[in-house]
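Here's the structure, in structure tokens; my notes come after.
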Amino acid sequence: MSIKDDMIVQFNYTLRDEKGEVIESNEGRDPIAYLHGHDNMMPGIEDAITGKEVGDKFSVTPPAADTYGERQEGAEQRVSVKHLVGAKVWKPGMAAMVQTEQGQRQVTVVKVGKFMATVDVNHPLAGRELTFDIEVVGTRDASDEEIAHGHAHGAGGHHH
380 MSIKDDMIVQ FNYTLRDEKG EVIESNEGRD PIAYLHGHDN MMPGIEDAIT GKEVGDKFSV
440 TPPAADTYGE RQEGAEQRVS VKHLVGAKVW KPGMAAMVQT EQGQRQVTVV KVGKFMATVD
500 VNHPLAGREL TFDIEVVGTR DASDEEIAHG HAHGAGGHHH
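Just so you know, we're using my numbering here: the sequence shown kicks off at 380 and counts up by one.
This is the structure in structure tokens:
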């Protein structure tokens, strides 16, 4: 069954950088599950998965705009050090999580003082040419409840 909108898709992936080095992978863990066609997946990945079937293995290198976004120069903000989550002592180059109005966001520490830090709000992988090795391991029609909620339920998906 070819993948189309309103299907739950399960896949495994390995993410590689420009040199072919592995950045991350879900190898040996549960597959990623998402509701296809509902903006739950990076556009570059969802477009590549459309029309594929269970068992398909492929690699795709989407443009940065369709994965983690283009790098925005000057995207720095000053935040209170107490709002940085992930370490007790901060140094430039470290990744931190901060709570925003849109939820948690990963940032990179640029400069740190006693009370305030300057952080780069670009995603650490923004602007990079990344390759995703993907294996489709499962598909099924989404339930009416999943479509109404806008996401996959169960293993690899959302749990209420």
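We put the beta carbon where it would ideally sit given N, CA and C, even for glycine.
Just so you know, these numbers come straight off a predicted model, no measurement behind them.
Exposed or buried, residue i, counting other C-beta atoms within 10 Å across all chains shown (16 or more means buried)?
{"i": "G465", "result": "exposed"}
{"i": "A531", "result": "buried"}
{"i": "F511", "result": "buried"}
{"i": "A444", "result": "exposed"}
{"i": "E449", "result": "exposed"}
Can you list, in chain order, the residues of its chain with a C-beta nearer than 7 angstroms to that of residue i? Leave out the 5 residues immediately preceding and following it.
{"i": "P442", "result": "G423"}
{"i": "V433", "result": "V515, V516, G517, T518"}
{"i": "Q451", "result": "N501"}
Can you find the residues in the same chain that come closer than 6 angstroms, C-beta to C-beta, to residue i, ignoring five residues on each side of it along the sequence?
{"i": "K436", "result": "E514"}
{"i": "E403", "result": "L394"}
{"i": "A534", "result": "D409"}
Which partner residues does residue i have in the DSSP bridge list?
{"i": "N391", "result": "E514"}
{"i": "V401", "result": "R395"}
{"i": "A412", "result": "Q389"}
Taking residue i as the reference, give the member of the options with the closest Cα.
{"i": "V488", "options": "H462, T429, L394", "result": "H462"}
{"i": "M420", "options": "Q483, F390, R408, V401", "result": "F390"}
{"i": "T497", "options": "K470, Q481, T518", "result": "K470"}
{"i": "R484", "options": "G472, V468, G492, P503", "result": "P503"}
{"i": "F494", "options": "V458, N501, L414", "result": "V458"}
{"i": "K431", "options": "A527, D445, H415, G492", "result": "H415"}
{"i": "D385", "options": "E525, V401, M476", "result": "E525"}
Apart from the five residues on each side of it in sequence, which residues of its chain come closer than 8 angstroms, Cβ to Cβ, to residue i?
{"i": "D520", "result": "D385, M386, I387"}
{"i": "A454", "result": "D499, V500, N501"}
Quick check on the DSSP output: what are the complete alpha helix (DSSP H) runs of length 4 or more inside the segment 453-538, in order along the chain? Listed in chain order, they are 523-528.
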